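Engineer:
In the numbering used here, the protein residues as written are 193 to 814.
1) Thinking just about the alpha-carbon of each residue, which of 547, 330 and 629 is nearest to the one in residue 476?
2) Starting from residue 274, trace the alpha helix (DSSP H) both ways and give me its first and last residue.
3) Could you tell me whether the Cβ atoms of residue 742 and residue 754 are closer together than 9 Å?
4) Could you tell me which uninterrupted alpha helix (DSSP H) segments, each at least 4 residues in length, are contained entirely in the region 413-450, listed from first to last along the chain?
5) Rounded to the nearest angstrom, what separates residue 692 and residue 709 at their Cα positions?
6) Helix, strand or coil: how does DSSP classify residue 770 here?
7) Going by the DSSP bridge assignment, what does residue 702 pair with across the sheet?
8) Under 8 Å: do the region 370-382 and the region 342-352 share three or more Cβ pairs, one atom per stretch?
9) Which residue wins for smallest C-alpha separation from residue 560, given the options 656, 467, 446 and 674?
10) Determine the DSSP secondary structure at residue 213, reduced to helix, strand or coil.
11) Once the 5 residues before and after residue 610 are set aside, which same chain residues still bring their CB inside 8 Å of it?
12) Out of curiosity, what's the CA-to-CA distance linking residue 210 and residue 673?
13) In whole angstroms, give me the CA-to-CA distance for residue 814 and residue 784.
14) Closer than 7 Å by C-beta to residue 550: which residues in its own chain qualify, once you throw out the five before and the five after it? Chain order, please.
15) One question on the structure: do residue 385 and residue 363 come within less than 9 Å of each other, judged by their Cβ atoms?
16) Compare the beta carbon distance of residue 432 and residue 295 with 9 Å and say whether it is the shorter of the two.
17) Look at residue 519 and residue 510 and say whether their C-beta atoms are less than 9 Å apart.
18) Take residue 507 as the anchor and find which of 286, 746, 771 and 232 has the nearest alpha-carbon.
19) Going by the beta-carbon positions, is the gap between residue 523 and residue 582 smaller than 9 Å?
20) Using only the alpha-carbon positions, how far apart do residue 410 and residue 590 sit?
21) Buried or exposed, going by whether 16 or more other CB atoms sit within 10 Å of the CB of residue 487?
22) Between residue 216 and residue 767, what straight-line distance do the alpha-carbon atoms span, to the nearest angstrom?
23) Which one of 257, 457, 233 and 332 has the shortest CA to CA distance from residue 629?
24) At 3 residues or longer, and completely inside the region 222-291: list those beta strand (DSSP E) runs for me, N to C.
25) Compute the Euclidean distance between the alpha carbons of residue 729 and residue 716, then round it to the nearest angstrom.
26) Would you call the region 238-251 and the region 414-433 touching, i.e. three or more CB-CB distances under 8 Å?
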């Protein structure tokens, strides 16, 4: 009896469509088809450029606000002109300025939004990963304001972190007021963040790379296009507001020799170790503040005490300090002054950042890494045969510490090039940053951007690979032996067959065939065994909806997505032009088994080819 109800067929024995039945795609539910690039990408790109233009203006205004607060607190004048804490006449009272600013920030964080605390980029990453790229509108206003107060009152931070966070918040808020998907909102958020970085440094390419390596968690054309256009737009807006020149204007660099490149590679290793040390110290200090028996609102004020004392000893540690980086890269800051700046800047920044205030990481890292690189370059200069120069060593150190601490390799190397416009530096930067990245990866599982998220239980993967399922076609995996049921059979007959336990009866779903041999639907064991259906019911009468099918030329990724949308675990495999002709069956188990090839390629080591150096004999090549 079972053999009358079950058919085991190979692919070339596919049942033909009845001559009277015209194949109708609407009679089956196939996977969604379509190009990844369409009108939506154009729409999102337009929104991204508008957001980028606004983010560039916000960056300009934030810098002016920082200068205003700096002028007011350190120099007692109302002015939006560029200003630094240097030259203040406050004397010992300079130590009070950071504390007053920290108290204000603590109040803003407690009664405004705790989200303003922190580096900026890690918080944006968390919103992308676990909050569907939603950022509260109040953060868009409070984050730049709190950062301006922190930096304007002497906080040893750069403006780039808060500006990146503000640009991301702007993109997120715009996305929340529009009818778009969570993925599209992520693109707008990232476009705003990339625009913020571009507006600060004039580095559109590295901003795009940073977005890919730290924020997007993907590399797709529909995401890259809007972000690239946003970065270009922010650059265009920045030029009339802040100029077109490089932010770090240094003399032309000398062409590195082979021995110099080897030295810069060693420098990258040293800086990689330094980046791990810096990251661990910052989070160790943060852990220390967590143990204090006082409310977190007061932590920034406690950290500001150290900032004030250090700032009184070395005023160069106060504020943004981009001029410090330029002097380091130009080789103007050397010797004891350089060593003191590196050490005190690190102490001031690590303590204040660990206290949970509103600040950033990039500019302080550049100062520390560039300073160490310049110092080591000066030592190497005692051996002229090495061909090492201080400016290139400083530039490699600046970029390498960023690569090691953030795990953003490409963005770090390109960033150093874009901020100096020195093409000769590209090869030393690539070597130094890669080695620092390698050492950091070996010594530290998480970066300075992701460590806090990891401590909160957030899983952050920054290794991206092509989805294996998108590379395998259905026809290469699907089972060719298909168990089918006749639609004109009664449930009594089919139930008896299931009870016999013959081969194939353990399946959970069965294609149902019409009199002419074409598929008319799919039924499940649950449908067949449903007690509400009497034994006299025909199988075709319990078919509830058009069958969900997959085409043999689809990928397994499309098949998996189609299973999820259709809420099924098995898909009949059909030909695209004959959707009622069953060629095979694809199950969830087949999807899992398909990963065996990926695991073999990744972990299984092949035996060396012993037939020749290149194996030509084995390949039949003369």
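For every residue, glycine included, the Cβ atom is placed at its ideal position computed from N, Cα and C.
Bear in mind that the values here come from a model prediction, so they are computed numbers and not experimental data.
Structural biologist: Working from what's here:
1) Position 284 of the chain shown holds residue 476. Out of 547, 330 and 629, the CA that lies nearest to the CA of residue 476 is found in 547.
2) Locating residue 274 in the chain shown gives position 82, counting from the first residue. Per DSSP, residue 274 belongs to no alpha helix (DSSP H) and is neither H nor E.
3) As a position in the chain shown, residue 742 is number 550, starting the count at 1. As a position in the chain shown, residue 754 is number 562, starting the count at 1. In this structure, residue 754 lies closer than 9 Å to residue 742 by Cβ.
4) Qualifying alpha helix (DSSP H) stretches, in chain order: 413-434.
5) Here residue 692 refers to the residue found at position 500 of the chain shown. Here residue 709 refers to the residue found at position 517 of the chain shown. Approximately 25 Å, taken between the alpha carbons.
6) Here the question's residue 770 lines up with position 578 in the chain shown. Looking at residue 770 - three-state DSSP - the assignment turns out to be strand.
7) Your numbering for residue 702 matches position 510 in the chain shown. Residue 702 pairs with 715.
8) no
9) Along the chain shown, read from residue 1 onward, the residue named residue 560 stands at position 368. The shortest C-alpha separation from residue 560 is found at 467.
10) Sequence index remark: in the chain shown, residue 213 carries index 21 (1-based). Because residue 213 carries a pLDDT of 37, less than 50, the predicted location of this residue cannot be relied on, and the following value inherits that uncertainty. Reduced to three states, the DSSP call for residue 213 is coil.
11) For this step, residue 610 is matched to residue 418 along the chain shown. Hits under 8 Å: 393, 394, 395, 396, 397, 398 and 438.
12) By 1-based counting over the chain shown, the position of residue 210 is 18. By 1-based counting over the chain shown, the position of residue 673 is 481. Below a pLDDT of 50, predicted positions are generally treated as unreliable, and residue 210, at 36, falls in that range; no measurement from the model is reported.
13) As a first step, residue 814 must be located in the chain shown, where it is residue number 622. As a first step, residue 784 must be located in the chain shown, where it is residue number 592. Note on residue 814: pLDDT 42, under 50, position unreliable in the model; no value is reported.
14) Within the chain shown, the letter at position 358 stands for residue 550. Cβ neighbours of residue 550 beyond the five flanking positions: 297, 308, 309, 335, 338, 339, 342 and 354.
15) Walking along the chain shown from the start, residue 385 turns up at place 193. Walking along the chain shown from the start, residue 363 turns up at place 171. Contact flag set, yes.
16) Within the chain shown, numbered from 1, the residue matching residue 432 stands at position 240. Within the chain shown, numbered from 1, the residue matching residue 295 stands at position 103. Not closer than 9 Å, so no.
17) For this step, residue 519 is matched to residue 327 along the chain shown. For this step, residue 510 is matched to residue 318 along the chain shown. No. Outside cutoff.
18) For the purposes of this step, residue 507 is taken as residue 315 along the chain shown, with counting starting at 1. Minimum Cα distance to residue 507 is reached at 286.
19) Indexing the chain shown from 1 puts residue 523 at position 331. Indexing the chain shown from 1 puts residue 582 at position 390. Yes, Cβ-Cβ distance for residue 523 and residue 582 is below 9 Å.
20) On the chain shown, residue 410 is found 218 positions in, with the first residue counted as 1. On the chain shown, residue 590 is found 398 positions in, with the first residue counted as 1. Rounded to whole angstroms, residue 410 to residue 590 spans 27 Å at the Cα level.
21) Walking along the chain shown from the start, residue 487 turns up at place 295. Label assigned to residue 487: exposed.
22) On the chain shown, residue 216 is found 24 positions in, with the first residue counted as 1. On the chain shown, residue 767 is found 575 positions in, with the first residue counted as 1. Model confidence at residue 216 stands at a pLDDT of 36, short of 50, so the residue's coordinates are unreliable; what they give is reported in the following sentence. About 12 Å.
23) In the chain shown, the residue the question calls residue 629 occupies position 437. The shortest C-alpha separation from residue 629 is found at 457.
24) none
25) Numbered from its first residue, the chain shown carries residue 729 at position 537. Numbered from its first residue, the chain shown carries residue 716 at position 524. The straight-line gap from Cα to Cα measures roughly 15 Å.
26) The region 238-251, when compared against the region 414-433, does touch it at the 8 Å Cβ threshold.
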